[in-house]
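Encoded as structure tokens, the structure appears first; notes follow it.
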Amino acid sequence: MDQTLEVFVTVVEKGNFTRAAEELLMTQPAVSQYIQALERSVGTRLLERTNKYVRLNKAGEIVYHHAKDILGLYTRMNTLVDDLMHRAGGHLSIGSSYTFGEYMLPHVIAYMREHYPLIRPSITIGNTTEVGEMILRHEADVGIVEGDYQHEMLHIEAFAEDEMVVMVPRNGRYDHLQEISVQELANETWIVREAGSGTRAATERLFSQYQVHPAHLVEFGSTQLIKESVEAGLGVTLLSRWAVRKEMQLGTLHMLVPNGKPVARQFSWITQKTPYHTKVVEVFLELLHQQRGFPTYV
1 MDQTLEVFVT VVEKGNFTRA AEELLMTQPA VSQYIQALER SVGTRLLERT NKYVRLNKAG
61 EIVYHHAKDI LGLYTRMNTL VDDLMHRAGG HLSIGSSYTF GEYMLPHVIA YMREHYPLIR
121 PSITIGNTTE VGEMILRHEA DVGIVEGDYQ HEMLHIEAFA EDEMVVMVPR NGRYDHLQEI
181 SVQELANETW IVREAGSGTR AATERLFSQY QVHPAHLVEF GSTQLIKESV EAGLGVTLLS
241 RWAVRKEMQL GTLHMLVPNG KPVARQFSWI TQKTPYHTKV VEVFLELLHQ QRGFPTYV
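Right, dumping it as structure tokens:
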């Protein structure tokens with residue numbers, strides 16, 4: 001591995017030469033020499049230095065972005081070669097959209113930890129758009145997204161279907177119903193997720209399909225907050241059946257099937273476009289396709 005790039009990235013992320021030297025177990029003059037050598041190699045200064053801080057200039061931003069990619073690819077190469085000789089084990093970085101990440105992924109991870117104890121997973125939760133960006137920036141090994149996500153630079157594969165239903169407050173005028181026309185809910189306050197969310201996209205498709213234009217929309221960035229708000233009588237919402245399992249068991253929310261059938265969407269995994277995956281990624285993807293550890297609907 002090019003240690004010069006490693007030193008440069010560490011200086012940028014630590015914010016000064018002293019902390020970088022401590023991280024790299026080097027002397028501060030040695031760190032400075034590496035940075036000077038890199039700047040000579042590219043033919044320009046990369047860092048703006050003062051006694052208080054170190055900051056990237058425009059050229060430095062370009063070098064930092066590509067250095068991260070190069071170091072990530074080098075680590076990945078070594079991991080793939082090491083996998084040939086060892087059982088699946090090591091770090092697995094997962095980015096997941098909210099519904100799958102908060103309500104299904106913990107069960108999958110528990111199953112994986114039981115059967116593959118050498119795998120060390122870490123999870124970052126974001127909306128579908130944010131997860132796609134994580135994969136593009138090499139910040140996660142695999143991502144899980146909701147709905148019809150497309151990106152020409154990523155490999156995307158559906159592995160499970162989700163059912164979405166309308167949730168309304170319990171002990172209200174809808175308690176006697178199991179199904180409802182979406183048009184009947186047009187005057188309700190609809191509580192929706194933020195733009196970029198797969199759940200928000202599914203809700204907007206539902207409105208478009210039935211030509212419904214709700215008079216009132218309230219936007220929240222948390223599925224849990226949406227559920228609490230519906231329980232409190234603030235409005236109605238469209239959520240995954242997996243996301244409301246506990247509320248249905250406790251009887252705190254009432255489920256309605258919109259226009260006689262749940263809204264269907266896909267969960268998909270996404271990775272960089274490459275024919276090679278580490279063993280830990282292969283194990284995880286196989287669990288997804290087999291739906292091992294998945295919870296069940298109520």
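Residues in the sequence shown are numbered consecutively from 1, following UniProt numbering.
Note that the Cβ used here is the ideal one computed from N, Cα and C, for glycine as well.
Here the structure is a predicted model, which is why all the values come from computation and not from measurement.
- Counting the other CB atoms within 10 Å of its CB gives residue 162 a total of 16 or more, which places it among the buried residues.
- Residue pairing by DSSP puts residue 125 in a beta bridge opposite 96.
- Around the beta carbon of residue 272, 16 or more other beta carbons lie within 10 angstroms, which makes this residue buried.
- Going by DSSP, residue 272 is part of the beta strand (DSSP E) stretching over 263-272.
- Per DSSP, reduced to three states, the secondary structure at residue 238 is strand.
- Short of 8 angstroms from the beta carbon of residue 253, and not among the five residues preceding or following it, lie these beta carbons of its own chain, in chain order: 167, 168, 169, 170, 227, 230, 231, 244 and 247.
- Judged by DSSP secondary structure, residue 163 falls outside any alpha helix (DSSP H) and instead within the beta strand (DSSP E) spanning 154-169.
- Bounds of any beta strand (DSSP E) do not take in residue 223; it lies within the alpha helix (DSSP H) bounded by 223-231.
- Per DSSP, the continuous beta strand (DSSP E) segment holding residue 49 begins and ends at 47-49.
- Rounded to the nearest angstrom, the Cβ distance from residue 288 to residue 159 is 5 angstroms, consistent with a contact under 8 angstroms.
- Remark: C-beta atoms of residue 59 and residue 95 do not approach each other more closely than 7 angstroms.
- Per the coordinates, the alpha-carbon of residue 274 lies some 36 angstroms from the alpha-carbon of residue 238.
- The C-alpha of residue 90 is placed about 38 angstroms away from the C-alpha of residue 165.
- Counting along the chain, residue 258 sits inside no alpha helix (DSSP H); it lies in the beta strand (DSSP E) bounded by residues 253-258.
- Residue burial annotation: residue 235 is buried, with at least 16 other C-beta atoms found within 10 angstroms of its C-beta.
- Nearest C-alpha to residue 177 among 128, 9, 61 and 259: 259.
- Only residues of its own chain outside the window of five on either side were considered, and among them 107, 108 and 111 have a CB closer than 6 angstroms to the CB of residue 293, listed in chain order.
- DSSP links residue 219 through a beta bridge to 192.
- Relative to residue 8, the option among 39, 25 and 27 whose CA is nearest is 39.
- Per DSSP, the unbroken beta strand (DSSP E) holding residue 56 starts and ends at 54-56.
- A straight-line Cα-Cα distance of about 28 angstroms links residue 74 and residue 97.
- Per DSSP, the unbroken alpha helix (DSSP H) holding residue 23 starts and ends at 17-24.
- Rounded to whole angstroms, the separation of the alpha carbons of residue 4 and residue 268 is 38 angstroms.
- By a beta-carbon distance limit of 8 angstroms, residue 92 does not contact residue 135. Their separation comes to about 14 angstroms.
- Distances from the alpha-carbon of residue 115 to those of 224, 276, 286 and 266 put 286 closest.
- Annotation: residue 284 to residue 186 spans about 41 angstroms, alpha carbon to alpha carbon.
- With a threshold of 16 other beta carbon atoms within 10 Å, residue 279 meets it and is buried.
- Its chain contains 71 as the residues whose beta carbon lies nearer than 7 angstroms to that of residue 6, once the 5 sequence neighbours on both sides are disregarded; these appear in chain order.
- Under the three-state reduction of DSSP, residue 60 is assigned to helix.
- In the DSSP assignment, residue 12 falls within the unbroken alpha helix (DSSP H) covering 3-14.
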